[in-house]
Amino acid sequence: MVPGPWSTADIRFQAEQIATHKLHNSGFNCVACQTLIVPRGWQHTDKLLSAISNVMSRYGQREAYYPGNQQRIEEFAAHAGGSDAIDRGLRAPACVLANMDRGDESWLAQHEIFGTALAMKSFEYEDAGSYLESAVVYANDRLYGSLGANILIHPKTVREIGRQRFEELLQKLRYGTIAVNAWTGLGFLLAPCPWGGFPGGSSRDPQSGIGTVHNSFMLEGTERTVISAPWRPFPRSLLSLHPTLLPRPPWFITNRRQDVIGRLLTDFQFKPSWTKLPRIFVNALRG
């Protein structure tokens, strides 16, 4: 996440986004967030972390159905050098948070926790451009794996950095899918997008795998997919003169109608009809 002029509503929405990156399907996703890079010295850092904890404690309370979750969490905690746990009720396992500046940073940076644990790394914030550049270098050189990276950045901050420099920083990120103000999981859901790790993996050091799947356009020589989404959801986007029809996304763990939307979309895909669209739109807006 990149510091900027975030409003209270922005903090709340992006907290939902970050919590979803980690706890969608209880963290049992190959592209679930493993490391959250946060700015040290930004006025909203503590507010955002508090909002993330609040969302994690209230939503996405799915059982840890995947085998070995508790063992992996205990191993993660043992290398954390002291950790915090966000209680998520009786049915769902707690989400364990580790500060990489206190724990075994090398281990935390190289092990995927397929479950409910999240490592956090902080960088000093002076200006957005240098902060983002430091985060890119760290993600490339210290974090193991190359499947996906998420960047949350206010549109005004992009203009402050400069569009050209921002694009250059995206080009430096050695990840197969980069999501700007979105979740990299969308790259998996969209069939035209090549899905896989960044090129360069080998049998000795595969990182996030060799080659790609999907790529329905049959593009050759691809390095990465970049997905971008609006900073604010509808209808709040109208107030900033950036109209978009994207309401709270149905994959958000905070979406109240995701089960209904899923059934309606499946039914529409099975037997498309214009008469089915109004119900989909209404439930999407109610999410």
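First residue of the sequence shown? That's 1 in the working numbering, and the numbers climb one at a time after it. Every residue gets a Cβ at the ideal spot worked out from N, C-alpha and C, and that includes glycine.
Residue 100: buried (16+ other C-beta within 10 angstroms of its C-beta) or exposed? On the sequence shown, position 100 is the one that residue 100 refers to. Burial call: buried.
Less than 7 angstroms between the C-beta atoms of residue 226 and residue 132, yes or no? The residue you call residue 226 lines up with position 226 of the sequence shown. The residue you call residue 132 lines up with position 132 of the sequence shown. No, these two residues do not count as a Cβ contact at 7 angstroms.
Give me the Cβ distance between residue 76 and residue 113, rounded to the nearest whole Å; I'm assuming they're in contact under 8 angstroms. Numbered from 1 along the sequence shown, position 76 holds the residue referred to as residue 76. Numbered from 1 along the sequence shown, position 113 holds the residue referred to as residue 113. Correct: roughly 5 angstroms between the Cβ atoms.
Can you tell me where the alpha helix (DSSP H) holding residue 136 begins and where it ends? Translated into the one-based positions of the sequence shown, residue 136 becomes position 136. Where residue 136 is concerned, the enclosing alpha helix (DSSP H) stretches over 128-141.
Residues in the same chain with beta-carbon distance under 7 angstroms from residue 298, minus the five sequence neighbours each way, listed in chain order, please. The first residue shown for the chain is 1 and the last is 287, placing residue 298 beyond what the model contains.
Euclidean distance between Cα positions of residue 229 and residue 180: For the purposes of this step, residue 229 is taken as residue 229 along the sequence shown, with counting starting at 1. For the purposes of this step, residue 180 is taken as residue 180 along the sequence shown, with counting starting at 1. Approximately 6 angstroms between the Cα atoms of the pair.
Give a yes or no on whether the C-beta atoms belonging to residue 109 and residue 96 are separated by under 7 angstroms. For the purposes of this step, residue 109 is taken as the residue at position 109 of the sequence shown. For the purposes of this step, residue 96 is taken as the residue at position 96 of the sequence shown. Their beta carbons are not under 7 angstroms apart, which means residue 109 does not touch residue 96 by this criterion.
CA-to-CA distance, residue 120 to residue 82, given in whole angstroms: Mapped onto the sequence shown, residue 82 falls at position 82. Mapped onto the sequence shown, residue 120 falls at position 120. Between the alpha carbons of residue 82 and residue 120 lies a distance of about 13 angstroms.
Using C-beta distances below 7 angstroms, list every residue in its chain close to residue 279, excluding the 5 sequence neighbours before and after it, in chain order. In the sequence shown, counting from the first residue as 1, residue 279 sits at position 279. Taken in chain order, the residues that qualify are 264.
Best match in 21, 51, 282 for proximity to residue 7 [C-alpha to C-alpha]: Here residue 7 refers to the residue found at position 7 when the sequence shown is read from its first residue. Among 21, 51, 282, the Cα nearest to that of residue 7 is on 51.
Pair within 7 angstroms by beta-carbon distance, residue 149 and residue 125: For the purposes of this step, residue 149 is taken as residue 149 along the sequence shown, with counting starting at 1. For the purposes of this step, residue 125 is taken as residue 125 along the sequence shown, with counting starting at 1. Contact: no.
Let me confirm a value: residue 294 is counted as buried when at least 16 other C-beta atoms fall within 10 Å, else exposed. Which label applies? Residue 294 cannot be examined here, being either before or after the span of the chain that is shown, 1 to 287.
Decide if the stretch 16-30 is in contact with the stretch 46-63; the criterion is three or more beta carbon pairs, one per stretch, under 8 angstroms apart. yes
Option nearest residue 251 by Cα separation, candidates 173, 25, 43, 161: Position 251 of the sequence shown holds residue 251. For residue 251, the nearest C-alpha among the options comes from 25.
Pick helix, strand or coil for residue 120, following the three-state DSSP scheme. The sequence position of residue 120 within the sequence shown is 120, counting from 1. The answer is strand: DSSP assigns residue 120 an E or B state.
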